[in-house]
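Residues 4 to 223, numbered by our numbering, are exactly what the sequence shown covers, in order.
For glycine and all other residues, C-beta sits at the position ideal for the given N, C-alpha and C.
This report refers to the structure that appears directly beneath it.
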Amino acid sequence: MAPATVKHTGPSLTSIRSSLGAFQRLSSEELRARVTHAAPSLRRAAVTIALVRDEVGQLCFVLTRRASSLRSHGGQWALPGGRLEEGESPEQAALRETAEEVGLQLGPDAILGKLDDYISRSGFLITPIVLGSDRAERLIADPTEVARIYRVPLDALDVEEAPILYSIEESDRPVLCLPLLGDRVHAPTAAVLYQFLEVCLRGQVEARVAHYEQPVFAWR
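Pasting the structure below:
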């Protein structure tokens with residue numbers, strides 16, 4: 004018997020690629036003008052919004068819980084990603100880190116586009132790369148870095164409550180977080196996902212997130 008056909012639902016990779024093509028990223032000068040706390044020298048990193056199907060055909064993004072044993076940001080929510088190695092582009096780092104952390108092996112043809120760089124309080128210039136596959140790809144966590152992998156349907160991201168903003172004494176900028184998986188995911192991860200939501204799902208190609216703050220626990 005032939006396998007049942009899985010119906011693809013929700014937004015398409017084609018529409019997301021088109022939205023990213025219409026998006027104009029901030030220049031480095033514009034970015035620094037919005038983030039006055041940025042250190043003169045920043046370490047480069049890339050994170051991936053990796054889009055894959057689930058078993059019922061919904062388009063999902065890959066979200067992880069970092070291993071609690073990690074020295075930096077252990078146990079926090081995260082997108083696949085990490086530091087650029089010497090000579091790497093953000094796109095190359097995104098593909099490598101996604102393969103290493105969650106076992107998702109994709110090539111350059113899976114790159115749909117980029118969002119704005121984001122400057123983290125911990126001293127990184129983070130480039131978000133959007134990757135896409137129309138298959139229910141097999142995901143395997145690297146236990147040294149990832150405690151658990153989640154396929155989160157895009158419907159769970161595009162909710163009326165997103166984003167949640169609140170104030171902290173340590174900053175005059177609002178902290179941004181998103182309600183996901185019964186918890187709150189904070190910036191920087193939430194900032195990247197929120198811009199993806201606005202640009203790719205809500206059609207707001209002028210949306211910016213560089214000015215949103217991170218909670219104090221993410222500053223180190």
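{"query": "CB contact flag (L2, L134, <8 Å)", "result": "Absent from the model: residue 2. The displayed extent of the chain is 4 to 223, so no value can be given."}
{"query": "Three-way DSSP call (helix, strand, coil) for R205 in this model", "result": "coil"}
{"query": "Residue from A190, F199, A221 and A213 with nearest C-alpha to L16", "result": "F199"}
{"query": "Pairwise C-alpha distance: L29 and A221", "result": "23 Å"}
{"query": "Where the beta strand (DSSP E) through P177 begins and ends", "result": "No beta strand (DSSP E) contains P177, which DSSP labels as neither H nor E."}
{"query": "Limits of the alpha helix (DSSP H) - the one that V133 falls within", "result": "Segment F127 to G135 is the beta strand (DSSP E) holding V133; no alpha helix (DSSP H) there."}
{"query": "Within 8 Å, strictly: CB atoms of R99 and A81", "result": "no"}
{"query": "Alpha helix (DSSP H) runs contained entirely in the segment 22-70, provided each spans 4 or more residues", "result": "31-37"}
{"query": "Start and end residues, beta strand (DSSP E) containing L168", "result": "I167 to Y169"}
{"query": "C-alpha gap between Q217 and I167, whole angstroms", "result": "12 Å"}
{"query": "P146: CB within 7 Å of a non-hydrogen atom of the ligand FMN", "result": "As presented, the structure is devoid of all ligands, the ligand FMN included, so that no description of it is given."}
{"query": "Beta-ladder partner(s) of L183, from DSSP", "result": "D186"}
{"query": "Under the three-state DSSP convention, the category R99 falls into", "result": "helix"}
{"query": "As assigned by DSSP and simplified to three states, the class of A210", "result": "coil"}
{"query": "Buried or exposed (CB count within 10 angstroms, at least 16 for buried), A213", "result": "buried"}
{"query": "L66 beta carbon less than 8 Å from that of F153", "result": "Reading the sequence as shown, one finds Tyr at residue 153 and not Phe. In contact: Y153 and L66 (Cβ atoms closer than 8 Å)."}
{"query": "Span of the alpha helix (DSSP H) around Q195", "result": "A quick correction: the sequence has Val, not Gln, at residue 195. T192 to F199 is the span of the alpha helix (DSSP H), which, as asked, contains V195."}
{"query": "Whole-angstrom distance between A193 and D186, CA atom to CA atom", "result": "12 Å"}
{"query": "R124 - DSSP class collapsed to helix/strand/coil", "result": "coil"}
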